[in-house]
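Student: Right, I'll just put the structure down here and ask away after.
There are 2 protein chains.
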Amino acid sequence: MVETIQWTAGGVVMIDQTKLPLEAVYVTCKDYHEVAEAIRSMVIRGAPAIGVAAAMGVAIGVLRAPDENLDGSMEAICEELAGTRPTAVNLFWAIDRMKKLYAGLRGKSPAGIRAALVAEAQQVKLEDIAINRAMGRHGAPLIPDGKTVLTHCNAGALATAGYGTALGVIRAAVEAGKKIDVFADETRPFLQGARLTAWELQQDGIETTIITDNMAGHFLKSGRIGCVVVGADRIAANGDVANKVGTYSVAVLAKENGIPFYVAAPVSTLDLTLDSGDKIPIEQRSPKEVTEVFGVRVAPEGIAVQNPAFDVTPNRYVTAIITERGVAAAPYEESLRRLAGSV
Amino acid sequence: MVETIQWTAGGVVMIDQTKLPLEAVYVTCKDYHEVAEAIRSMVIRGAPAIGVAAAMGVAIGVLRAPDENLDGSMEAICEELAGTRPTAVNLFWAIDRMKKLYAGLRGKSPAGIRAALVAEAQQVKLEDIAINRAMGRHGAPLIPDGKTVLTHCNAGALATAGYGTALGVIRAAVEAGKKIDVFADETRPFLQGARLTAWELQQDGIETTIITDNMAGHFLKSGRIGCVVVGADRIAANGDVANKVGTYSVAVLAKENGIPFYVAAPVSTLDLTLDSGDKIPIEQRSPKEVTEVFGVRVAPEGIAVQNPAFDVTPNRYVTAIITERGVAAAPYEESLRRLAGSV
């Protein structure tokens with residue numbers, strides 16, 4: 032399996048997700064500005080992967096910072112990285128984790144501080160893979176055998192440090208011997224489904240079919256879909272889920288057709304400071320993502336475009352939330368708080 | 032306004048809808064095979080426009096057929112045209128209309144027969160524009176003032192002989208002085224919304240915003256959409272509506288959010304021989320429409336694709352069906368039969 036993100040002596044190496052699957056190109060971010068730009072431009076994307084990238088961004092930033100201004104540098108690094116994308120809470124979670132570690136290192140030598148931050152960033156990555164494996168174990172039993180699983184966007188190895196959240200659950204179900212195949216919404220405008228989910232599942236030999244986003248309803252009505260599994264960018268205390276735009280539509284259509292709708296996300300995706308999803312900030316991205324596909328214009332010049340990158344699925348459409356600590360069901364205020372508090 | 036399709040001395044001239052809005056290119060179909068290919072390849076598309084093209088295809092076929100084999104030619108022409116696309120019933124309606132006329136001309140001179148068929152094909156076109164204007168008059172009062180109208184695919188001037196069905200209702204509402212703007216689903220894979228609806232509404236100065244298909248739910252939930260208006264390719268006796276894939280999803284999301292969902296279609300779109308939409312044949316199109324955008328590959332090689340061109344919206348999601356003879360509401364078995372029988 033390809034590595035989504037790696038810490039190397041030369042910098043933070045990422046596979047460029049804007050170019051897949053046409054080209055498998057790696058970019059090396061040599062300082063934290065380049066890491067921030069890679070997150071902004073979606074060279075790396077997916078809430079957990081953004082968390083890992085942010086942790087490595089902090090580490091490389093402090094690694095390159097002058098001894099005499101470590102505190103000031105740390106502040107500027109965290110501020111720039113936090114400003115890259117507003118919706119995925121894992122970004123802020125990872126930055127906070129690095130900040131807390133840094134605060135605890137007060138009085139240590141600059142070399143010691145740097146070494147600790149670099150080790151922590153690599154630890155965030157390793158933990159993420161372990162978390163996804165655990166999510167897979169908890170989620171696999173929920174997947175109906177002998178049916179198709181529908182997924183939206185890419186919540187796979189490429190959206191994480193490896194294995195994936197939603198695709199991790201699918202992988203674990205396949206490993207458990209279930210006979211399933213996958214329908215991947217292509218997920219306009221960035222085409223994470225057609226480009227990334229299709230590519231990584233194809234590499235694993237998991238039978239995958241691409242559909243356009245507007246076909247999901249047709250197939251949910253057809254009877255062949257056994258369940259929906261998606262990832263999440265932020266989950267409020269009441270179980271409202273922010274995820275890639277289009278998730279809300281799929282959730283409504285699943286409910287309308289009596290099909291379970293599962294969200295797979297690590298505990299770091301929970302934002303218990305928000306009592307509902309209405310308060311989750313929704314990123315608006317460039318109109319060009321909609322009007323151009325790989326640089327080819329598909330819409331008239333001068334036309335208006337809306338491009339919210341995420342939407343919010345109210346908790347009533349969510350059958351269960353699969354985390355590394357277990358599966359939460361309604362009422363989510365209780366079940367999520369219990370999972371967040373446990374270890 | 033641009034002409035979608037025209038009868039000329041040199042052949043049937045159509046604006047090439049596979050190239051819009053990047054290029055406004057006209058193609059001339061010099062025989063009925065070229066008309067059939069234009070329908071198949073979606074140079075012309077949209078149920079009413081396909082009907083006009085089929086009528087003109089029959090006319091040009093008989094015009095070019097040898098005197099001694101007019102009957103055999105007529106049969107071959109109708110068979111080839113009927114085999115181009117299976118879902119839009121207007122195709123079969125137009126061919127039947129030409130067949131009935133032809134049968135009534137038995138005994139006339141070949142020149143007389145040809146002249147009558149050519150005149151009839153042009154009449155089908157003229158009637159279509161008048162029908163759309165009437166639909167606009169009936170539909171405009173239903174459009175809420177001061178809100179956004181959401182539409183899917185292109186049911187506009189380009190999908191008809193002119194003015195449009197769904198977009199005709201929108202144009203009529205604007206002409207009536209209503210302050211509305213339009214959200215156009217881009218409508219993958221062929222991008223009729225981003226390419227065609229956006230282009231023709233922009234030319235009319237009607238404020239239009241493109242969204243990807245998977246954003247429709249988000250905006251239907253947001254409160255800014257006052258109603259949905261779409262066209263139809265075939266409507267069963269019970270009011271089930273076959274239309275561009277994704278229509279079903281929009282209808283479910285509209286109902287879930289308490290927003291009226293209107294279908295605008297001429298009486299020629301009714302197929303009262305089918306008691307429900309389950310019996311409407313759904314065309315499967317080439318995987319390349321999904322995996323390539325204007326020739327640019329967007330998915331991994333060798334991946335499976337589903338590409339149903341249409342879906343069926345059950346009647347319970349349809350608030351009303353707007354025709355040139357008036358507005359039908361549930362129970363549709365009665366209201367549609369009444370409209371079909373009236374004149």
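Taken in sequence, the protein lines are chains A and B. In the numbering used here, each number is its position in the first sequence, counted from 1, plus 31. In the numbering used here, each number is its position in the second sequence, counted from 1, plus 31. Note that CB positions come from ideal geometry on N, CA and C, so glycine has one too. Model, not experiment: these values are computed from the prediction.
#1: From the DSSP output, in three-state form, read off residue 201 of chain B for me.
#2: Please report the residue range of the alpha helix (DSSP H) in which residue 101 of chain B lies.
#3: Just mark residue 89 of chain A as buried or exposed, buried being the case when its beta carbon has 16 or more other beta carbons within 10 Å.
#4: Have a look at residue 232 of chain A and residue 239 of chain A and give me their C-alpha separation to the nearest angstrom.
#5: Would you call the stretch 271-287 of chain A and the stretch 339-346 of chain A touching, i.e. three or more CB-CB distances under 8 Å?
#6: Is residue 186 of chain A closer than 8 Å to residue 197 of chain A when the C-beta atoms are compared?
#7: Distance, Cα to Cα, residue 83 of chain B vs residue 206 of chain A?
#8: Is any beta-carbon of chain B found at less than 8 Å from that of residue 247 of chain A?
#9: Name, in chain order, the residues that DSSP records as bridge partners for residue 87 of chain B.
#10: Considering only DSSP beta bridges, list what residue 292 of chain B is partnered with.
#11: What does the Cβ neighbour count give for residue 265 of chain B, buried or exposed, with the cut at 16 atoms within 10 Å?
#12: What residue from B:228, B:337, B:250 and B:147 has the CA that sits closest to residue 262 of chain B's CA?
#13: Would you say residue 277 of chain B lies against chain A (beta-carbon separation less than 8 Å)?
#14: Is residue 48 of chain A helix, strand or coil by DSSP?
#15: In whole angstroms, give me the CA-to-CA distance for residue 315 of chain B and residue 340 of chain B.
#16: Measuring CA to CA, which of B:246, B:65 and B:234 is closest to residue 280 of chain B?
#17: Got a sec: which bits of the stretch 227-241 of chain A sit with their beta carbon under 8 Å from any beta carbon on chain B, in order along the chain?
#18: Determine the direct distance from the alpha carbon of residue 244 of chain A to that of residue 184 of chain A, and round the result to whole angstroms.
#19: In whole angstroms, what separates the C-alpha of residue 156 of chain B from that of residue 128 of chain B?
#20: Is residue 244 of chain B close to chain A, meaning its C-beta is less than 8 Å from at least one C-beta of that chain?
#21: Who are residue 214 of chain B's beta bridge partners in DSSP?
#22: Quick check: what's the CA-CA separation for residue 295 of chain A versus residue 235 of chain B?
#23: Kindly list, in the order they appear in chain B, the residues whose Cβ is closer than 7 Å to that of residue 337 of chain A.
#24: In chain order, what are the residue ranges of uninterrupted beta strand (DSSP E) at least 3 long that sit wholly in the stretch 328-362 of chain B?
#25: Which two residues bound the contiguous beta strand (DSSP E) that contains residue 272 of chain B?
#26: If you run the structure through DSSP and keep just helix, strand and coil, what is residue 306 of chain B?
#27: Strictly below 7 Å CB to CB, what residues from chain A border residue 284 of chain B?
#28: Can you give the Cα-Cα distance for residue 257 of chain B and residue 305 of chain A, rounded to whole angstroms?
#29: Among the residues of its own chain, which have a CB less than 6 Å from the CB of residue 104 of chain A, if the five just before and after it don't count?
#30: Measuring only from the beta carbon, is residue 316 of chain A closer than 7 Å to any heavy atom that is part of the ligand SAM?
#31: Could you give the C-beta distance for residue 122 of chain A and residue 113 of chain A, rounded to a whole number, given that I count them as a contact under 8 Å?
#32: Could you check whether the Cβ of residue 123 of chain A sits closer than 8 Å to any Cβ belonging to chain B?
#33: Do residue 221 of chain B and residue 181 of chain B have their beta-carbon atoms positioned less than 8 Å apart in this structure?
#34: I'd like to confirm the pairing. Which residues does DSSP put opposite residue 208 of chain A in its beta bridges?
#35: Measure from the alpha carbon of residue 69 of chain A to the alpha carbon of each residue in A:130, A:54 and A:87, then state which is nearest.
Tutor: Inspection of the coordinates gives the following:
#1: Position 170 of the second sequence, counted from the first residue, corresponds to residue 201 of chain B. Three-state DSSP puts residue 201 of chain B in a helix.
#2: As a working note, residue 101 of chain B is residue 70 in the second sequence. Here the alpha helix (DSSP H) through residue 101 of chain B covers 101-113.
#3: As a first step, residue 89 of chain A is located in the first sequence; it is residue number 58 there, counting from the start. Buried, by the Cβ-count rule.
#4: For the purposes of this step, residue 232 of chain A is taken as residue 201 along the first sequence, with counting starting at 1. For the purposes of this step, residue 239 of chain A is taken as residue 208 along the first sequence, with counting starting at 1. Taking the straight line joining both Cα atoms gives about 7 Å.
#5: yes
#6: Counting from 1 along the first sequence, the entry for residue 197 of chain A is found at position 166. Counting from 1 along the first sequence, the entry for residue 186 of chain A is found at position 155. Cβ distance < 8 Å, so residue 197 of chain A and residue 186 of chain A count as in contact.
#7: Indexing the second sequence from 1 puts residue 83 of chain B at position 52. Indexing the first sequence from 1 puts residue 206 of chain A at position 175. Residue 83 of chain B and residue 206 of chain A: Cα-Cα distance of roughly 55 Å.
#8: Here the question's residue 247 of chain A lines up with position 216 in the first sequence. Output row for residue 247 of chain A: interface = yes.
#9: In the second sequence, the residue the question calls residue 87 of chain B occupies position 56. Answer is none; residue 87 of chain B lacks a bridge partner.
#10: In the second sequence, the residue the question calls residue 292 of chain B occupies position 261. Paired residues: B:259.
#11: Numbered from its first residue, the second sequence carries residue 265 of chain B at position 234. Counting Cβ neighbours within 10 Å, residue 265 of chain B comes out buried, since at least 16 surround it.
#12: What you label residue 262 of chain B is simply residue 231 of the second sequence in a count that begins at 1. For residue 262 of chain B, the nearest C-alpha among the options comes from B:228.
#13: By 1-based counting over the second sequence, the position of residue 277 of chain B is 246. Yes, its Cβ sits closer than 8 Å to a Cβ of chain A.
#14: Here residue 48 of chain A is taken as the residue at index 17 of the first sequence, counted from 1. Coil.
#15: Position 284 of the second sequence, counting from 1, holds the residue named residue 315 of chain B. Position 309 of the second sequence, counting from 1, holds the residue named residue 340 of chain B. The straight-line gap from Cα to Cα measures roughly 6 Å.
#16: As a first step, residue 280 of chain B must be located in the second sequence, where it is residue number 249. Closest option to residue 280 of chain B, Cα to Cα, is B:246.
#17: 229, 230, 233, 238, 239, 240 and 241
#18: Residue 184 of chain A sits at position 153 when you count from the first residue of the first sequence. Residue 244 of chain A sits at position 213 when you count from the first residue of the first sequence. Between residue 184 of chain A and residue 244 of chain A, the C-alpha separation is close to 10 Å.
#19: Taking the first residue of the second sequence as position 1, residue 156 of chain B is located at position 125. Taking the first residue of the second sequence as position 1, residue 128 of chain B is located at position 97. Taking the straight line joining both Cα atoms gives about 13 Å.
#20: Within the second sequence, numbered from 1, the residue matching residue 244 of chain B stands at position 213. Yes, its Cβ sits closer than 8 Å to a Cβ of chain A.
#21: Against the second sequence, residue 214 of chain B aligns to sequence position 183. Looking at the DSSP assignment, residue 214 of chain B forms a beta bridge with B:181 and B:240.
#22: For the purposes of this step, residue 295 of chain A is taken as the residue at position 264 of the first sequence. For the purposes of this step, residue 235 of chain B is taken as the residue at position 204 of the second sequence. Rounded to whole angstroms, residue 295 of chain A to residue 235 of chain B spans 46 Å at the Cα level.
#23: Taking the first residue of the first sequence as 1, we reach residue 337 of chain A at position 306. By Cβ distance, chain B contributes 240, 242 and 246.
#24: 341-344, 351-354 and 357-359
#25: Here residue 272 of chain B is taken as the residue at index 241 of the second sequence, counted from 1. Looking at the DSSP string, the run of the beta strand (DSSP E) that includes residue 272 of chain B is 272-275.
#26: If you number the second sequence from 1, residue 306 of chain B lands on position 275. Residue 306 of chain B: coil per DSSP, three-state reduction.
#27: Taking the second sequence and counting its residues from 1, one reaches residue 284 of chain B at position 253. Within chain A, the residues near residue 284 of chain B are 280 and 283.
#28: Here residue 257 of chain B refers to the residue found at position 226 when the second sequence is read from its first residue. Here residue 305 of chain A refers to the residue found at position 274 when the first sequence is read from its first residue. Going by the C-alpha atoms only, they are around 30 Å apart.
#29: One-based indexing of the first sequence puts residue 104 of chain A at position 73. 96.
#30: For the ligand SAM, the structure offers nothing, since it holds no ligand at all.
#31: As a first step, residue 122 of chain A is located in the first sequence; it is residue number 91 there, counting from the start. As a first step, residue 113 of chain A is located in the first sequence; it is residue number 82 there, counting from the start. About 7 Å separates the two Cβ atoms, so the contact holds.
#32: By one-based count along the first sequence, residue 123 of chain A stands at place 92. With 8 Å as the cut-off, residue 123 of chain A does not count as an interface residue toward chain B.
#33: By one-based count along the second sequence, residue 181 of chain B stands at place 150. By one-based count along the second sequence, residue 221 of chain B stands at place 190. Their beta carbons are not under 8 Å apart, which means residue 181 of chain B does not touch residue 221 of chain B by this criterion.
#34: By one-based count along the first sequence, residue 208 of chain A stands at place 177. Paired residues: none, contrary to the question.
#35: For the purposes of this step, residue 69 of chain A is taken as the residue at position 38 of the first sequence. Nearest of A:130, A:54 and A:87 to residue 69 of chain A, Cα basis: A:87.
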